[in-house]
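Have a look at the structure below before the remarks.
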Amino acid sequence: MLDIPMGKMLKELNGQVVMKNTIALGASCALLGINFQDVNMLLSETFEKKGKEVVDYNRQFAKRGYDYVIDRYKALIQPVLSQNKNNKQLLLTGNEAFALGAVIGDCRFYAAYPMTPSSSVLTVLADWQRKTQMVVRHSEDEIAVVSSALGASFAGARSAVGSSGGGFALMVESLSFSGIAEIPLVVFLSQRPGPATGMPTWTEQGDLLFAVNAGHGEFPKIVLAAGDIEEMIFLTAKAFNLAEIYQLPVIVMSDMYLSESHATITQSILDNIKNNYKVNRGKTIDFVNEGKYSRYQITEDGISPRLIPGLKDYYYQANSYEHLQDGHTTEDSNERIAQVKKRTVKINTYLKNDFSTPLVYGNLERAKIVLVGWGSIKGILLETQKQIPDCAVIHFNHVYPLDKEKVIKLFNQDKRYVLVENNSTGQFGKLLQMEIGIEIKEKVLRYDGRPITVKEVMVKVK
-15 MLDIPMGKML KELNGQVVMK NTIALGASCA LLGINFQDVN MLLSETFEKK
35 GKEVVDYNRQ FAKRGYDYVI DRYKALIQPV LSQNKNNKQL LLTGNEAFAL
85 GAVIGDCRFY AAYPMTPSSS VLTVLADWQR KTQMVVRHSE DEIAVVSSAL
135 GASFAGARSA VGSSGGGFAL MVESLSFSGI AEIPLVVFLS QRPGPATGMP
185 TWTEQGDLLF AVNAGHGEFP KIVLAAGDIE EMIFLTAKAF NLAEIYQLPV
235 IVMSDMYLSE SHATITQSIL DNIKNNYKVN RGKTIDFVNE GKYSRYQITE
285 DGISPRLIPG LKDYYYQANS YEHLQDGHTT EDSNERIAQV KKRTVKINTY
335 LKNDFSTPLV YGNLERAKIV LVGWGSIKGI LLETQKQIPD CAVIHFNHVY
385 PLDKEKVIKL FNQDKRYVLV ENNSTGQFGK LLQMEIGIEI KEKVLRYDGR
435 PITVKEVMVK VK
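In this note's numbering, the protein residues as written are -15 to 446.
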């Protein structure tokens, strides 16, 4: 414990009690061996919107705490941070990572109605609006949110919405509209414990099967779930390509644990994602060769040419009814069967071209114990793996649909598999059994609103 006379410093600088925080900041940074120039930069970035006077006011209190530690406790100072200026670090939350991924993915329209834990995506993107030129809309409710996003997407703008369980529930009817009209849409779904209002400020992985089955009727959708900050950026950007390539809704799942957690990545990682990302709009077109245009043309891969409205003499209907190839409403049985098959084929095309096999950590062949999980559980699995000899991890971030041929190879071995999830029923285990035919009998489940710990998994495994 360090004795720092903050009260005396406040009197000397004629400061308010709240300025003890800034004194403590300066003292803590000195103790950690952080250069005051970096502290000064932090204060400038934090208070720049309030003006130079506020920045200077905070700086003097931070400097007083900093200098006191340097003068009195120099022997205790232990630098813990790298001073390598060439290795810039970015401190991000999961929601900020989604926002970054949306910008990289060329999102042009984002709409949301605030709902914990997804809310900060709206405020972050709104704060960046002048730089990105993205339209960011705080709508009156979730139905307006998704309806406006579908309209923007229909007009040609890459669009996304964000919410949590109850808000997403209100969007479900329009998700079906996206499915039948084949309008691309990215949905950010950050989970919290339900049902109903549940526990708004805690975490859970309880909405997986809801997301997979969201919407009435049968239509294709893709569900992704990032395991960490880096994956969130990469998968979000990828989601915008997938939505336009396959002309369907793509749901990017998170939860309170990942959305509000902080982690650092290097600038080089972010630059690598940005530099390797290419916008792929699939069969989106802005011209038509001579002849009739059919928006829902039957094709071998299930994907039809998508014309952005505005081309003279070419138009089509896009509504919530079953339709002919030109978009006109139909109730003909043969046409219905043809369109259902066309939409279904898109999933086979996705599995062939863009499905990513789950990542395996460790030597799967030699492992005696294999931990299986999805989404934000990744970090816990990897930490547990370090504590257990002969242990491997299988982590899924492309959670639906699943490619049976690729996934089943990871389970065709005589090993002890343990499923780890933050819900009460082992939802991903059910999905594996439903899609792949694999049952994992051993489970570590937690559903009290807190994330699973390494200790809990260790107790179960041992």
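Glycine residues also receive a C-beta, built at the ideal position from the N, C-alpha and C atoms. Since we're looking at a predicted model, the values are computed, not measured.
**Request:** Counting only runs of 3+ residues fully inside the region 238 to 280, write out the beta strand (DSSP E) ranges in chain order.
**Result:** 246 to 250
**Item:** Cβ neighbour criterion (16 or more within 10 Å) applied to T220
**Value:** Translated into positions along the sequence shown, residue 220 becomes position 236. Buried, since its Cβ has 16 or more Cβ neighbours within 10 Å.
**Request:** Return the residue from the list Q309, H379, Y305 and E274 that minimises the CA-CA distance to L295.
**Result:** Position 311 of the sequence shown holds residue 295. Comparing Cα-Cα distances from L295 to each of Q309, H379, Y305 and E274, the minimum goes to E274.
**Minimum C-alpha distance to K444 - residue among H307, S160, K4 and E426** = Sequence index remark: in the sequence shown, residue 444 carries index 460 (1-based). Per the Cα distances, E426.
**Request:** Can you tell me which of the three DSSP states T313 falls into?
**Result:** Within the sequence shown, the letter at position 329 stands for residue 313. It is a strand residue.
**Contact set for A322: own chain, Cβ-Cβ below 7 angstroms, skip 5 residues either direction** = Locating residue 322 in the sequence shown gives position 338, where the first residue counts as 1. Hits under 7 angstroms: I282.
**Message:** Applying the 10 Å Cβ sphere with the 16-neighbour rule, what's the burial state of L(-14)?
**Reply:** Working through the sequence shown from its first residue, we reach residue -14 at position 2. The residue is exposed, with fewer than 16 neighbouring Cβ atoms inside 10 Å.
**Message:** Do P385 and E419 have their beta-carbon atoms positioned less than 8 angstroms apart in this structure?
**Reply:** Here residue 419 refers to the residue found at position 435 of the sequence shown. Here residue 385 refers to the residue found at position 401 of the sequence shown. Contact: yes.
**Message:** Can you tell me whether I206 is helix, strand or coil according to DSSP?
**Reply:** As a working mapping, residue 206 is identified with position 222 in the sequence shown. Correct three-state label for I206: strand.
**Asked** How big is the Cα-Cα spacing for K446 and F138?
**Response** Taking the sequence shown and counting its residues from 1, the one referred to as residue 446 is at position 462. Taking the sequence shown and counting its residues from 1, the one referred to as residue 138 is at position 154. K446 and F138: Cα-Cα distance of roughly 54 angstroms.
**Prompt:** Between the region 175 to 187 and the region 134 to 152, are three or more C-beta pairs nearer than 8 angstroms?
**Reply:** yes
**Prompt:** Can you list, in chain order, the residues of its chain whose CB lies under 8 angstroms from that of S160, leaving out five sequence neighbours each side?
**Reply:** Within the sequence shown, numbered from 1, the residue matching residue 160 stands at position 176. Contacts found: G199, H200, G201, F203 and S304.
**Message:** Quick check: what's the CA-CA separation for L416 versus E244?
**Reply:** Position 432 of the sequence shown, counted from the start, is the residue given in the question as residue 416. Position 260 of the sequence shown, counted from the start, is the residue given in the question as residue 244. The straight-line gap from Cα to Cα measures roughly 28 angstroms.
**Message:** Could you compute how far the alpha carbon of S252 sits from the alpha carbon of A81?
**Reply:** Here residue 252 refers to the residue found at position 268 when the sequence shown is read from its first residue. Here residue 81 refers to the residue found at position 97 when the sequence shown is read from its first residue. If you take the alpha carbons of S252 and A81, they lie about 15 angstroms apart.
**Residue nearest to N407 in terms of C-alpha spacing, selected from K(-8), T116 and Q189** = Position 423 of the sequence shown, counting from 1, holds the residue named residue 407. Ranking the options by Cα distance to N407, first place goes to Q189.
**Request:** Please state whether DSSP places Y300 in a helix, a strand or coil.
**Result:** Walking along the sequence shown from the start, residue 300 turns up at place 316. DSSP places Y300 in coil when its eight states are reduced to three.
**Request:** Determine the direct distance from the alpha carbon of S104 to that of K222, and round the result to whole angstroms.
**Result:** Numbered from 1 along the sequence shown, position 238 holds the residue referred to as residue 222. Numbered from 1 along the sequence shown, position 120 holds the residue referred to as residue 104. If you take the alpha carbons of K222 and S104, they lie about 21 angstroms apart.
**Message:** Between which two residues does the alpha helix (DSSP H) holding F218 run?
**Reply:** As a first step, residue 218 must be located in the sequence shown, where it is residue number 234. Note, F218: alpha helix (DSSP H), I213 to Y230.
**Asked** DSSP beta-bridge partners for K427?
**Response** Along the sequence shown, read from residue 1 onward, the residue named residue 427 stands at position 443. In the DSSP output, where bridge partners are listed per residue, K427 has L403.
**Prompt:** Using the C-alpha atoms, what's the distance from L242 back to A144?
**Reply:** For this step, residue 144 is matched to residue 160 along the sequence shown. For this step, residue 242 is matched to residue 258 along the sequence shown. Answer to the nearest angstrom: the Cα atoms are 19 angstroms apart.
**Request:** State the Cα-Cα distance for the pair V354 and K362, rounded to the nearest angstrom.
**Result:** Indexing the sequence shown from 1 puts residue 354 at position 370. Indexing the sequence shown from 1 puts residue 362 at position 378. If I take the Cα positions, the gap works out to 13 angstroms.
**Item:** Cβ neighbours of R56 in the same chain (closer than 6 angstroms, five flanking residues each side left out)
**Value:** Here residue 56 refers to the residue found at position 72 of the sequence shown. Once the five neighbours on either side are set aside, R56 has no close Cβ partner at all.
**Asked** In three-state DSSP terms, what is L106?
**Response** As a first step, residue 106 is located in the sequence shown; it is residue number 122 there, counting from the start. Reduced to three states, the DSSP call for L106 is helix.
**Message:** Tell me the rounded alpha-carbon separation between K533 and L26.
**Reply:** No statement about residue 533 is possible, as the shown extent of the chain runs from -15 to 446 and does not include it.
**Prompt:** Which runs of the beta strand (DSSP E) fall wholly inside the region 88 to 137 and span at least 3 residues, in chain order?
**Reply:** 93 to 96 and 119 to 122
**Asked** With which residues is R290 paired in a DSSP beta bridge?
**Response** Along the sequence shown, read from residue 1 onward, the residue named residue 290 stands at position 306. R290 pairs with T268.
**Prompt:** Hey, R290 and K267: beta-carbon distance below 8 angstroms or not?
**Reply:** Along the sequence shown, read from residue 1 onward, the residue named residue 290 stands at position 306. Along the sequence shown, read from residue 1 onward, the residue named residue 267 stands at position 283. Yes. Within cutoff.
**Message:** Between the alpha carbons of A96 and R43, how many angstroms are there, rounded?
**Reply:** For the purposes of this step, residue 96 is taken as the residue at position 112 of the sequence shown. For the purposes of this step, residue 43 is taken as the residue at position 59 of the sequence shown. Spanning the two alpha carbons is a distance of roughly 37 angstroms.
**Message:** From the DSSP secondary-structure annotation, give me the bridge partner or partners of Y384.
**Reply:** Position 400 of the sequence shown holds residue 384. According to DSSP, which records beta bridges pairwise, Y384 is partnered with V207.
**Item:** One or two residues paired with T77 in a DSSP bridge
**Value:** As a first step, residue 77 is located in the sequence shown; it is residue number 93 there, counting from the start. Its beta-bridge partners are H246.
**Request:** Count the other CB atoms, across all protein chains shown, that sit within 10 Å of the CB of N79; report buried if there are 16 or more and exposed otherwise.
**Result:** Against the sequence shown, residue 79 aligns to sequence position 95. N79 should be labelled buried.
**Request:** State the beta-bridge partners of W186 as determined by DSSP.
**Result:** On the sequence shown, residue 186 is found 202 positions in, with the first residue counted as 1. None, per the DSSP bridge assignment.
**Prompt:** Can you give the Cα-Cα distance for S102 and V120, rounded to whole angstroms?
**Reply:** Sequence index remark: in the sequence shown, residue 102 carries index 118 (1-based). Sequence index remark: in the sequence shown, residue 120 carries index 136 (1-based). C-alpha separation (whole angstroms): 14 angstroms.
**Message:** Taking the beta strand (DSSP E) that A144 belongs to, which residues open and close that run?
**Reply:** For the purposes of this step, residue 144 is identified with residue 160 of the sequence shown, where counting begins at 1. Per DSSP, A144 belongs to the beta strand (DSSP E) from S143 to S147.
**Request:** Drop a sphere of 10 angstroms on the beta-carbon of R453, count the other beta-carbons inside from all chains shown, and report buried for 16 or more, exposed for fewer.
**Result:** Since the displayed the chain opens at -15 and closes at 446, residue 453 lies outside it and no answer follows.
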